[in-house]
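Enquirer: Just passing along the structure, written as structure tokens.
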Amino acid sequence: MTTLRRRFGPWLYLAPALVLLITFTYVPVGNMVWYSFHKWDGLSTTMDPVGWDNYVRVFTDERYWRVFLISLYYFAASFVQIALALYFAVVLSFNVRFRNLFKGILFFPYLLNGVAVGFVFLYLFQPGGTLDTVLGAVGLGEHTRYWLGDPDIANISLAGTSVWRFTGLSFVLFLGAIQSIPGEIYEAAELDGASRWHQFRYIIAPGIRRIISLSFILAISGSLSVFEIPFIMTGGANDTRTFVIQAYETAFQFRQFGLASAMAVVLLAVVLIVTWIQRRLVPDEEVTLS
Amino acid sequence: MINRRQFLGFGAAAGLALVAGCTGGAGDDETDSSAEITGPITVLTNRTDLANSALPAYAKTFEAKYPGTKVTFEAVTNYEGDVTTQLSSGDYGDVLLIPNTVPVEQLPSFFEPLGDLADLKTKYRFTDEKAYDGKVYGLSLGGVASGVVVNKRIWQQAGITAPPKTPEEFLAGLKAVAARTDAVPYYTNYKDGWPLSIWNSQRAILGDPTINETFPTDPTPWQAGKIQYITDGLLYDLVAAKLSEKDPLTTNWEGSKPMIATGKVATMLLGSWAVPQMKDAAKAANANPDDIAFWPFPYQVGGKFHSRIEGDYKGAVSLSSKNKATARAWLDWFVTESGFATDQQAVPTLASSSLPETLKAFQDTGVDLVEIPAATANAGKEDEIIKESEVDLTGNIYRQKLVDIARGAAKGDKDSYFAELNRRWGKVQAGIMK
């Protein structure tokens, strides 16, 4: 009896979590991999096996892999995002006036629904819209342009929107990590005459290294899978089509579920590989501050 | 060929019945005409604006005629996407509109046959659009004509009172609008996308009733003189001549209605369904609704304009319905007796009914309203080429690119892009039409 309980007991407690995990994560992914080797329109009761054809198409047809290049804009923007978030997190972790108000203001964009963000920025970027008005008011009127209509700047505008939206998330992560560093360490550092910069350089930065590394992983997978901001604001027009928008169109506009599944599998593989490489480059060491 | 159900059954064996949706298509018995018309039915509709007002009013009249029936509406905002997904779950109401994503050869797996095409086409318009193998699966709830919505007052200010007869005249007219008024000559509605797909509804302008049948046999539809060259070419030329809105990426469909109503925009290519909406917008903006007029596409064959009339969404009876007799009665009643088409200023489905006022005025411009039959020998081939080549004739993706090239925001020119389209289309076409 007791051996039986010992053997099955843990599984009993794990069962609900495992059932949910398998049902909603592994089986759909399994289905997706299965679809990716077939030609299927999403409705028909039969699927034609096509072997590796879908994958060959994703890698050989320029139209499918080129859209990955758009991710570079968002990847570059994620550095801006992490830098901004880190700066504000460090500043606001010390005693400053209206600290909580600023925390709220910085986190607020992340709470907004992605669709709402898209619409807000659509008005902001309109010719003669908020951004143009503000630029005109501060005497930079000659720098206004078609923020979304000009192909040279459209992706930068969209990536900027993405920075605005996700800085709050990185900020909260950093702030939480910084606050978990014991206060005595700062006190001791101050007694030793360390400046704010030294405190950042030798206490905060090493103390939150894990979170910074996590942020970079999130930034890479995030920039590869950008969807809602360009989808709502431009629908992928004007060379702002990301890989996920392309996959969405392939699946739901052109009813090629097999091909779209292959694209999704490729995206999954790329994200896994990038994460793995990064874990090898930046090993996850224990943090010690003493 | 692998049966999809087998695979999903395999998934279920792993204890996952939750995920395994089963394909619709339970029960394949014909409508039992002797069954009594009574009991409740559910009707899916895309008209979220009417679901709580006009539609229940129609239902009341129906329920009075057939006591014991009860009609409930389920309004679906994202109709195409959501209902297509619902179809594969097997539960999709009793009466619904056929999503355009369902290929004709799959109609029998989801919908109840309503009768033989040969019989029904004498009584109704647009029956062949959702027919397969001689059976009709959907009845149109009302048809639309295609053409150009214009603000007559602005065009008059530019000195033009009659509809232009050729693409060149049309371009010259838009130029005159640009020169003599403050209006934007043409509004593409590029950002919302779907208004660009209306450039695909102009096939009738050639006056060729067999065009749907012959279209998939042509490997190069973007060659000079052919239909895609004429329509897409006109779109290209007017954008290249800077006669459209300055920043197409920030257009807004709802916002475009008051713009044309008040004369900030002069022209848009749309269906006749748009005319009542624009007139309403004019009333709301204190402008004159009579400024809004509907003109034919600027192209003539044999000295005559032709405009395609085609059915809007088609109503169908669900194959999995538990109450097919009532569902069928509702569909028939809604199409023939409810007066819905007239209320919506649409072309009535019943062939014997007369045209609404908007379209009578349209006919007075000297246009032939033509229904062009759907392809039969090549049924579904065009859709297949579209899917494989991802040149979305019925959508907006390649036309947005066309506008980008025309306004100088993407590489290429008219010739290079049309050559590319011909190449992409032709490559897939050769495989499908072999």
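If you read the protein sequences in the order shown, they are chains A and B.
Once you know that position 206 of the first sequence is 206 in full-length UniProt numbering, the rest is easy, because the numbers rise by one and skip nothing.
Once you know that position 332 of the second sequence is 332 in full-length UniProt numbering, the rest is easy, because the numbers rise by one and skip nothing.
C-beta atoms are modelled at their ideal positions from N, C-alpha and C, and glycine is treated no differently.
1. Could you tell me which residues DSSP pairs with Ser146 (chain B) in its beta bridges?
2. I want to verify the contact list: residues of chain A whose CB lies under 7 Å from the CB of Gly81 (chain B), in sequence order.
3. Taking the alpha-carbon of Leu169 (chain A) as reference, which of A:Thr133, A:Val58, A:Ile82 has the nearest alpha-carbon?
4. Whole angstroms is fine: what's the gap from Ser320 (chain B)'s alpha carbon to Ile41 (chain B)'s?
5. Please report how far the alpha carbon of Ala159 (chain A) lies from the alpha carbon of Ala77 (chain A), in whole angstroms.
6. Say whether the stretch 253 to 266 of chain B touches the stretch 172 to 190 of chain B, bearing in mind that this needs 3 or more beta-carbon pairs closer than 8 Å, one atom from each stretch.
7. Can you give me the C-alpha to C-alpha distance between Lys242 (chain B) and Arg407 (chain B), rounded to a whole angstrom?
8. Do the stretch 108 to 122 of chain A and the stretch 226 to 242 of chain B touch if we need at least three Cβ pairs shorter than 8 Å?
9. Can you list, in chain order, the residues of its chain with a C-beta nearer than 8 Å to that of Ile432 (chain B)? Leave out the 5 residues immediately preceding and following it.
10. Output the distance between the C-alpha atoms of Trp295 (chain B) and Leu369 (chain B), rounded to the nearest integer angstrom.
11. Could you work out which residues of chain A lie near residue 441 (chain B), taking near to mean beta carbons separated by less than 8 Å?
12. When the Cα atoms are used, what is the spatial distance from Ile154 (chain B) to Ile230 (chain B)?
13. Measure the C-alpha to C-alpha separation of Trp262 (chain A) and Phe252 (chain A) and round it to an integer number of angstroms.
14. Suppose the cutoff is 7 Å on Cβ atoms and the five residues either side in sequence are ignored; what does the same chain contact list for Phe59 (chain A) look like?
15. Closer than 7 Å by beta-carbon distance: list the chain A residues that pair up with Pro248 (chain B), in chain order.
16. Say whether chain A places a C-beta atom closer than 8 Å to the C-beta of Val184 (chain B).
17. Can you list, in chain order, the residues of its chain whose CB lies under 6 Å from that of Tyr92 (chain B), leaving out five sequence neighbours each side?
18. When every heavy atom of the ligand GDP is checked, does at least one fall within less than 7 Å of the C-beta of Gly176 (chain A)?
19. By how many angstroms is the C-alpha of Ala247 (chain A) removed from the C-alpha of residue 292 (chain A)?
20. Within this structure, are the beta carbons of Ile211 (chain A) and Leu173 (chain A) separated by less than 8 Å?
21. What number of angstroms, rounded off, separates the C-alpha of residue 438 (chain B) from the C-alpha of Thr45 (chain A)?
22. Determine which residues share a DSSP beta bridge with Tyr26 (chain A) and list them.
23. What's the gap between the Cα of Leu272 (chain A) and the Cα of Leu224 (chain A)?
24. Ignore the nearest five residues each way along the sequence and tell me which others in Thr250 (chain B)'s own chain have a CB closer than 7 Å to its CB.
25. Looking at the unbroken beta strand (DSSP E) that takes in Thr46 (chain A), where does it start and where does it end?
26. Determine, using beta carbons only, whether Gly147 (chain B) and Phe126 (chain B) come nearer to each other than 8 Å.
27. At a CB distance below 9 Å, what residues from the stretch 31 to 44 of chain A approach chain B? Give them in sequence order.
28. Can Ala409 (chain B) and Pro151 (chain A) be called in contact, C-beta distance under 8 Å?
29. Can you tell which of B:Leu120, B:Leu139, B:Pro289, B:Tyr132 has its C-alpha closest to the C-alpha of Leu96 (chain B)?
30. I'd like the span of the beta strand (DSSP E) that includes Thr72 (chain B), first residue to last.
31. Taking only beta-carbon positions, decide if Gln81 (chain A) is within less than 8 Å of chain B.
32. Taking the straight line between their C-alpha atoms, what separation do you get for Trp330 (chain B) and Thr45 (chain B)?
33. So what does DSSP say about Trp52 (chain A), is it helix, strand or coil?
34. What would DSSP say about Val274 (chain A), mapped onto helix, strand or coil?
35. Contact check, Ala282 (chain B) vs Asp94 (chain B) under 8 Å by CB: the rounded distance?
36. Alpha carbon to alpha carbon, how far is Asn212 (chain B) from Val149 (chain B)?
Expert: Walking through what the data contain:
1. As a position in the second sequence, residue 146 (chain B) is number 146, starting the count at 1. Answer is B:Gly271, bridged to Ser146 (chain B).
2. Sequence index remark: in the second sequence, residue 81 (chain B) carries index 81 (1-based). Within chain A, the residues near Gly81 (chain B) are Phe252.
3. Within the first sequence, numbered from 1, the residue matching residue 169 (chain A) stands at position 169. The shortest C-alpha separation from Leu169 (chain A) is found at A:Ile82.
4. Position 320 of the second sequence, counting from 1, holds the residue named residue 320 (chain B). Position 41 of the second sequence, counting from 1, holds the residue named residue 41 (chain B). When rounded, the distance between both Cα atoms is 12 Å.
5. Taking the first residue of the first sequence as position 1, residue 159 (chain A) is located at position 159. Taking the first residue of the first sequence as position 1, residue 77 (chain A) is located at position 77. Each residue's Cα considered, the two are about 6 Å apart.
6. yes
7. Numbered from its first residue, the second sequence carries residue 242 (chain B) at position 242. Numbered from its first residue, the second sequence carries residue 407 (chain B) at position 407. Distance between the alpha carbons of Lys242 (chain B) and Arg407 (chain B) is about 7 Å.
8. no
9. Taking the second sequence and counting its residues from 1, one reaches residue 432 (chain B) at position 432. So the list reads Pro216, Lys381, Glu384, Ile385, Glu388, once near-sequence residues are dropped.
10. Taking the first residue of the second sequence as position 1, residue 295 (chain B) is located at position 295. Taking the first residue of the second sequence as position 1, residue 369 (chain B) is located at position 369. Answer to the nearest angstrom: the Cα atoms are 12 Å apart.
11. Absent from the structure is residue 441 (chain B), since the part of chain B shown begins at 1 and ends at 434.
12. Residue numbering aside, residue 154 (chain B) sits at position 154 when the second sequence is read from its first letter. Residue numbering aside, residue 230 (chain B) sits at position 230 when the second sequence is read from its first letter. The alpha-carbon atoms of Ile154 (chain B) and Ile230 (chain B) are separated by roughly 25 Å.
13. Here residue 262 (chain A) refers to the residue found at position 262 of the first sequence. Here residue 252 (chain A) refers to the residue found at position 252 of the first sequence. Note on residue identity: the sequence assigns Ala, not Trp, to residue 262 (chain A). Roughly 14 Å between the two C-alpha positions.
14. Start at 1 with the first residue of the first sequence, and residue 59 (chain A) comes out as number 59. Closer than 7 Å at the Cβ level, and outside the excluded window around Phe59 (chain A), lie Trp65.
15. Here residue 248 (chain B) is taken as the residue at index 248 of the second sequence, counted from 1. Residues of chain A passing the Cβ test: Gly149.
16. As a position in the second sequence, residue 184 (chain B) is number 184, starting the count at 1. By this cut-off, Val184 (chain B) is not an interface position.
17. Within the second sequence, residue 92 (chain B) is the residue found at index 92, counting from 1. Sequence-distant partners of Tyr92 (chain B) (beyond 5 residues in either direction) whose C-beta falls short of 6 Å from its own C-beta, in its chain, are Gln86, Ser318.
18. The model depicted lacks the ligand GDP and carries no ligand whatsoever.
19. Outside the displayed range of chain A (1 to 290) lies residue 292 (chain A), so it cannot be described from this structure.
20. For the purposes of this step, residue 211 (chain A) is identified with residue 211 of the first sequence, where counting begins at 1. For the purposes of this step, residue 173 (chain A) is identified with residue 173 of the first sequence, where counting begins at 1. Contact flag set, yes.
21. Since the first residue shown for chain B is 1 and the last is 434, residue 438 (chain B) is missing from the structure and cannot be characterised.
22. Reading the first sequence from its first residue, position 26 is the one you call residue 26 (chain A). Beta-bridge pairing by DSSP links Tyr26 (chain A) to no other residue.
23. Here the question's residue 272 (chain A) lines up with position 272 in the first sequence. Here the question's residue 224 (chain A) lines up with position 224 in the first sequence. Leu272 (chain A) and Leu224 (chain A): Cα-Cα distance of roughly 12 Å.
24. Along the second sequence, one-based indexing puts residue 250 (chain B) at 250. Around Thr250 (chain B): Lys191.
25. As a working mapping, residue 46 (chain A) is identified with position 46 in the first sequence. Counting along the chain, the beta strand (DSSP E) containing Thr46 (chain A) begins and ends at 46 to 49.
26. As a working mapping, residue 147 (chain B) is identified with position 147 in the second sequence. As a working mapping, residue 126 (chain B) is identified with position 126 in the second sequence. At a Cβ-Cβ threshold of 8 Å, Gly147 (chain B) and Phe126 (chain B) do not count as neighbours.
27. Cβ contacts with chain B come from Asn31, Trp34, His38, Trp40, Asp41, Gly42, Leu43, Ser44.
28. The sequence position of residue 409 (chain B) within the second sequence is 409, counting from 1. The sequence position of residue 151 (chain A) within the first sequence is 151, counting from 1. Taking 8 Å as the Cβ cut-off, Ala409 (chain B) and Pro151 (chain A) qualify as a contacting pair.
29. Counting from 1 along the second sequence, the entry for residue 96 (chain B) is found at position 96. Shortest Cα-Cα distance from Leu96 (chain B) to any of B:Leu120, B:Leu139, B:Pro289, B:Tyr132 involves B:Leu139.
30. Looking up residue 72 (chain B) in the second sequence gives position 72. It spans 69 to 75 - the beta strand (DSSP E) in which Thr72 (chain B) sits, taken as one unbroken run.
31. For the purposes of this step, residue 81 (chain A) is identified with residue 81 of the first sequence, where counting begins at 1. No, its Cβ sits nowhere closer than 8 Å to a Cβ of chain B.
32. Position 330 of the second sequence, counted from the first residue, corresponds to residue 330 (chain B). Position 45 of the second sequence, counted from the first residue, corresponds to residue 45 (chain B). Going by the C-alpha atoms only, they are around 13 Å apart.
33. Position 52 of the first sequence, counted from the start, is the residue given in the question as residue 52 (chain A). Reduced to three states, the DSSP call for Trp52 (chain A) is coil.
34. Your numbering for residue 274 (chain A) matches position 274 in the first sequence. Val274 (chain A): helix per DSSP, three-state reduction.
35. The residue labelled residue 282 (chain B) in the question sits at position 282 within the second sequence. The residue labelled residue 94 (chain B) in the question sits at position 94 within the second sequence. The Cβ separation is near 39 Å, so there is no contact.
36. Residue 212 (chain B) sits at position 212 when you count from the first residue of the second sequence. Residue 149 (chain B) sits at position 149 when you count from the first residue of the second sequence. In a straight line, the C-alpha of Asn212 (chain B) is about 25 Å away from that of Val149 (chain B).
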